[in-house]
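Protein chains: 2
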Amino acid sequence: MRIEPRLLKGFRDFLPSQEAVRKTLIRRLEDSFASFGFEPIDTPILEYTDVLLGKGGGETDKQVYRFTDHGSRDVAMRFDLTVPFARFMALHRNELYLPFKRFHVNKVFRGENTQRGRYREFTQCDFDIVGTDSVSADLEIITMIHHSFEVLGVPGVSIHVSHRGVFNRLLQRHGVAERSEEVLRTVDKIRKIGRDRTLAELSEMVTADTAAEILQFVEATGSMSEVIDTMERLLGEPAPETAHLRTIADALTALGLADRIVIDPSITRGLDYYTGVVFETFLDGIEAIGSVCSGGRYDDLVSLYSKESMPGVGASIGLDRLIAALEELDAAVTAPHSADVLITMQDPGLLTHYHALAATLREAGIRCEVYPDARKLGQQFAFAERKGIPLALICGESERAAGTVNLRILGDRTSLDGLGTDAAVARILAIVGGSA
Amino acid sequence: MRIEPRLLKGFRDFLPSQEAVRKTLIRRLEDSFASFGFEPIDTPILEYTDVLLGKGGGETDKQVYRFTDHGSRDVAMRFDLTVPFARFMALHRNELYLPFKRFHVNKVFRGENTQRGRYREFTQCDFDIVGTDSVSADLEIITMIHHSFEVLGVPGVSIHVSHRGVFNRLLQRHGVAERSEEVLRTVDKIRKIGRDRTLAELSEMVTADTAAEILQFVEATGSMSEVIDTMERLLGEPAPETAHLRTIADALTALGLADRIVIDPSITRGLDYYTGVVFETFLDGIEAIGSVCSGGRYDDLVSLYSKESMPGVGASIGLDRLIAALEELDAAVTAPHSADVLITMQDPGLLTHYHALAATLREAGIRCEVYPDARKLGQQFAFAERKGIPLALICGESERAAGTVNLRILGDRTSLDGLGTDAAVARILAIVGGSA
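These protein sequence lines map, in sequence, to chains A and B.
At position 132 of the first sequence (counting the first as 1) the number is 133 in the numbering used here, and the numbers step up by one without a gap.
At position 100 of the second sequence (counting the first as 1) the number is 101 in the numbering used here, and the numbers step up by one without a gap.
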């Protein structure tokens with residue numbers, strides 16, 4: 002009995018055209034991270050459930066793929082790369098040096114409602130600097146985000162930066178520090194629910210005056226230093242956290258990034274986890290899609306597993322959302338075509354000659370393949386076009402005897418006949434150049 | 002309450018030194034595959050259990066991580082990359098062209114007994130050509146295996162090739178074709194259990210004469226053409242399958258690979274699945290570790306899911322075993338050091354200057370990072386050495402004012418002082434050269 006070849010809802014295959022783009026994006030991101038001294042790590046997809054979930058039972062927990070394994074262990078598939086990183090740092094503290102900079106690009110799993118266009122298996126690109134609370138580390142993360150989107154060829158990107166400590170001071174000043182969690186969560190939704198509903202929701206938590214001032218705070222706009230001025234005015238005085246933001250703003254300005262950075266007090270990152278700078282990244286023209294790279298500074302990564310305290314700063318790119326955004330911008334990264342040259346099979350008796358030609362081309366850095374069957378040339382050309390191969394070599398017995406090949410440029414259906422091997426290699430390199 | 006940061010048995014973390022090597026190996030393999038026109042795909046880690054296991058209940062099935070998901074679906078984690086590829090081809094047949102050449106490098110999961118040094122999460126690198134039964138495809142897979150180990154820098158590799166059809170003919174000639182499965186399984190173990198036990202086991206299945214002749218067959222040695230001669234002698238006549246092997250042998254000889262290929266009739270690849278050429282790959286000096294790349298030709302990839310027939314040829318590299326083998330050979334691939342230069346922090350007031358220097362270096366293709374805290378220089382150098390960074394830049398207020406930096410070569414504890422930025426970039430590139 003045959004089985005229907007089907008996929009689970011929320012899970013995807015990646016065809017070559019898609020997977021080649023993903024791999025190209027990931028390589029560029031990894032090379033960008035490495036150029037800042039970040040190093041790769043990996044962790045298991047499966048871990049003990051208590052290690053991943055702690056003792057909690059929150060909203061995330063319900064989405065976790067959790068089961069009992071052959072050895073009656075309670076296990077779960079990782080749902081993010083942050084929790085495994087914390088466990089990793091607690092376990093390997095003595096094998097590592099601080100500050101430690103890692104990146105981790107891999108899949109995570111959440112049994113989310115797929116109706117909202119979410120996937121249940123998706124790829125995250127996380128990067129963090131842990132073991133230092135230096136402003137230099139905050140600055141480095143922000144410049145690395147900028148650099149990474151630049152090497153991806155993204156046309157325009159804005160990194161919105163704020164500081165949780167500034168917000169907390171504002172709430173303290175108004176005597177509503179104990180409501181901070183719900184206030185932050187409400188403010189975090191302002192882009193989604195709009196100004197009026199945010200104000201209405203805030204007014205149910207705090208006095209109308211306080212709500213108005215919170216809104217004034219989160220809506221502050223202007224140059225980086227103007228917004229920091231507004232923050233200080235609303236706080237009544239400068240604070241260490243505004244000074245910290247000012248140091249970052251001045252450095253980013255001196256580095257020529259002023260037009261790419263926005264000090265945006267509405268950025269709060271809902272989670273309790275963050276304690277210092279927080280940031281989100283928007284692509285020009287499609288801000289509505291939301292942040293494609295978010296993160297911030299936290300006081301303590303490993304407290305669930307260790308009594309050691311370990312501050313850090315980091316961010317995460319959701320690869321799937323990024324690809325969707327790039328497609329919407331028509332800025333999708335294009336992968337190199339699959340091979341540069343198809344060596345057609347004219348005569349099965351020349352099998353060895355074709356493979357020897359292929360070896361010569363490859364030696365010169367040309368990606369090529371031998372068509373395996375002696376079909377009509379038109380069929381072999383059609384195959385090459387279908388696969389996105391731009392060139393074909395044709396060689397029959399008379400060409401082999403003469404030591405030549407004919408080079409077919411499939412795009413414009415022209416041919417260069419009777420080329421010696423060296424001439425053919427030179428021609429091919431001139432045509433495909435960059436891709437080899 | 003704290004949670005002990007622990008891993009499941011058979012699952013591993015990869016620290017930067019390990020993960021950088023894995024990523025380097027994978028990139029080289031993927032680039033090798035791409036240079037032969039192979040294209041990347043990916044499939045989900047989680048699939049419907051019946052899609053992965055069919056209706057069977059064999060030995061593998063017991064090792065599969067299988068559970069019921071939130072939607073009461075019977076799901077399983079993939080245990081190899083072959084079954085998902087078959088399902089992929091059946092599902093996407095109309096979006097693809099044949100012959101289709103794919104590679105797939107990713108993790109698979111088996112709840113195996115870890116006492117034999119096996120892991121429960123491990124990485125496979127699979128590559129296949131499907132949709133053709135051409136000898137050219139067989140030849141291409143074998144030359145690609147050779148090329149791939151060459152780009153990995155493996156000192157010596159032997160690819161052992163045979164043909165299942167030749168073996169089947171021998172068994173038919175002796176009238177024991179119906180015992181072929183058990184005979185093949187026994188012969189497959191000859192390296193492990195030795196000649197005498199193999200002969201003894203065979204003698205329980207077939208007559209002593211037949212057993213002796215089977216052993217004569219599998220022990221045939223000599224040049225490729227000598228072994229094919231022996232095969233034909235034992236078959237009593239040439240056969241299409243020996244002619245096929247001879248075509249491959251002649252082509253490989255003409256391609257200069259004769260000293261790397263062994264026609265080895267003892268290679269049978271236990272599985273029923275294979276129908277044509279079969280091959281295993283051994284590293285010189287550590288043959289005992291077993292094959293690091295195995296595969297062969299099969300008649301039908303997709304029969305479980307489709308009535309279409311789809312022949313193919315492919316092989317798989319076990320990345321973990323390969324890395325263990327390379328370590329044993331002291332031929333381990335070394336990853337590039339984590340960054341080329343550490344820009345030390347002498348004076349926190351120069352924060353922006355340090356990050357501007359970093360941007361300039363990065364622009365020139367130099368991987369660098371700014372040390373985030375103004376610690377003693379000795380501590381910053383020690384950090385660089387710990388992380389494998391070969392160079393450090395030192396710049397205080399007087400150097401900044403003079404527009405210079407001091408370059409420290411950490412390995413030999415020498416310094417080049419008072420370099421202008423351009424001179425420093427040139428020096429650094431001259432020293433780290435290849436890695437950038």
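Where is the CB? At the ideal position from N, CA and C, for every residue including glycine.
Residue i versus residue j - alpha carbon distance
i: Lys388(A); j: Thr254(A); result: 46 Å
i: Val188(A); j: Thr144(A); result: 26 Å
i: Leu343(B); j: Ala357(B); result: 13 Å
i: Phe15(A); j: Lys377(A); result: 31 Å
i: Glu141(B); j: Leu420(B); result: 53 Å
i: Ala484(B); j: Val426(B); result: An answer regarding residue 484(B) cannot be provided, because it is not within the stretch 2 to 437 covered by chain B.
i: Val152(B); j: Ala259(A); result: 44 Å
i: Val84(A); j: Ala383(A); result: 49 Å
i: Glu238(B); j: Ala213(B); result: 19 Å
i: Ser436(A); j: Met90(B); result: Its pLDDT being 46, under 50, Ser436(A) is placed unreliably in this model, and the value from its coordinates should be taken loosely. Straight-line Cα distance between these residues: approximately 28 Å.
i: Ile318(A); j: Arg368(B); result: 21 Å
i: Ala340(A); j: Tyr120(B); result: 35 Å
i: Arg196(B); j: Lys190(B); result: 10 Å
i: Thr133(A); j: Val279(A); result: 16 Å
i: Gln347(A); j: Pro373(A); result: 10 Å
i: Gln173(A); j: Arg234(A); result: 15 Å
Chain B contact for residue i (CB, 8 Å cutoff)
i: Gly434(A); result: no
i: Tyr66(A); result: yes
i: Pro100(A); result: yes
i: Val131(A); result: no
i: Ile262(A); result: no
i: Gly55(A); result: yes
i: Thr361(A); result: no
i: Val155(A); result: no
i: Asp43(A); result: yes
Cβ-Cβ distance between residue i and residue j below 8 Å
i: Thr115(B); j: Val76(B); result: no
i: Tyr66(B); j: Phe123(B); result: no
i: Pro6(B); j: Arg88(A); result: yes
i: Pro266(A); j: Leu9(B); result: no
i: Leu392(A); j: Arg409(A); result: yes
i: Arg261(A); j: Ser416(A); result: no
i: Arg79(B); j: Glu48(B); result: yes
i: Val428(A); j: His354(A); result: Checking the displayed sequence, the identity of residue 428(A) turns out to be Arg instead of Val. No, these two residues do not count as a Cβ contact at 8 Å.
i: Phe104(B); j: Asp81(B); result: no
i: Leu236(A); j: Leu171(A); result: yes
i: Val22(A); j: Val433(A); result: no
i: Gly112(B); j: Asp70(A); result: yes
Distance between beta carbons of residue j and residue i, contact taken as under 8 Å
i: Ile264(A); j: Ala250(A); result: 6 Å
i: Phe283(A); j: Ser292(A); result: 6 Å
i: Tyr275(B); j: Arg186(B); result: Contact flag wrong, Cβ pair sits at about 13 Å.
i: Glu329(B); j: Ile287(B); result: 5 Å
i: Gly315(A); j: Asp129(A); result: 3 Å
i: Asp321(A); j: Ser310(A); result: Actually they are not in contact, since the Cβ atoms of Asp321(A) and Ser310(A) sit about 34 Å apart, beyond 8 Å.
i: Asp273(A); j: Glu182(A); result: 7 Å
Nearest to residue i (by Cα), restricted to the options the options
i: Pro17(B); options: Val278(A), Thr133(A), Phe86(A); result: Phe86(A)
i: Ser224(A); options: Arg414(A), Gly237(A), Leu246(A); result: Leu246(A)
i: Arg3(B); options: Glu40(A), Leu54(A), Ser33(A); result: Leu54(A)
i: His147(B); options: Val177(B), Glu386(B), Gly257(B), Glu398(B); result: Gly257(B)
i: Val155(A); options: Glu20(A), Ser226(A), Ile324(A); result: Ile324(A)
i: Glu20(A); options: Tyr299(A), His338(A), Glu220(A), Ser399(A); result: His338(A)
Contact with chain A by residue i, beta-carbon distance below 8 Å
i: Phe15(B); result: yes
i: Glu141(B); result: yes
i: Ser135(B); result: yes
i: Tyr49(B); result: yes
i: Met225(B); result: no
i: His245(B); result: no
i: Ser36(B); result: yes
i: Leu9(B); result: yes
i: Ile4(B); result: yes
i: Thr83(B); result: no
i: Thr353(B); result: yes
8 Å Cβ cutoff, residue i in contact with chain D
i: Ala357(B); result: Given the protein chain composition of this structure (A and B), no chain D is represented.
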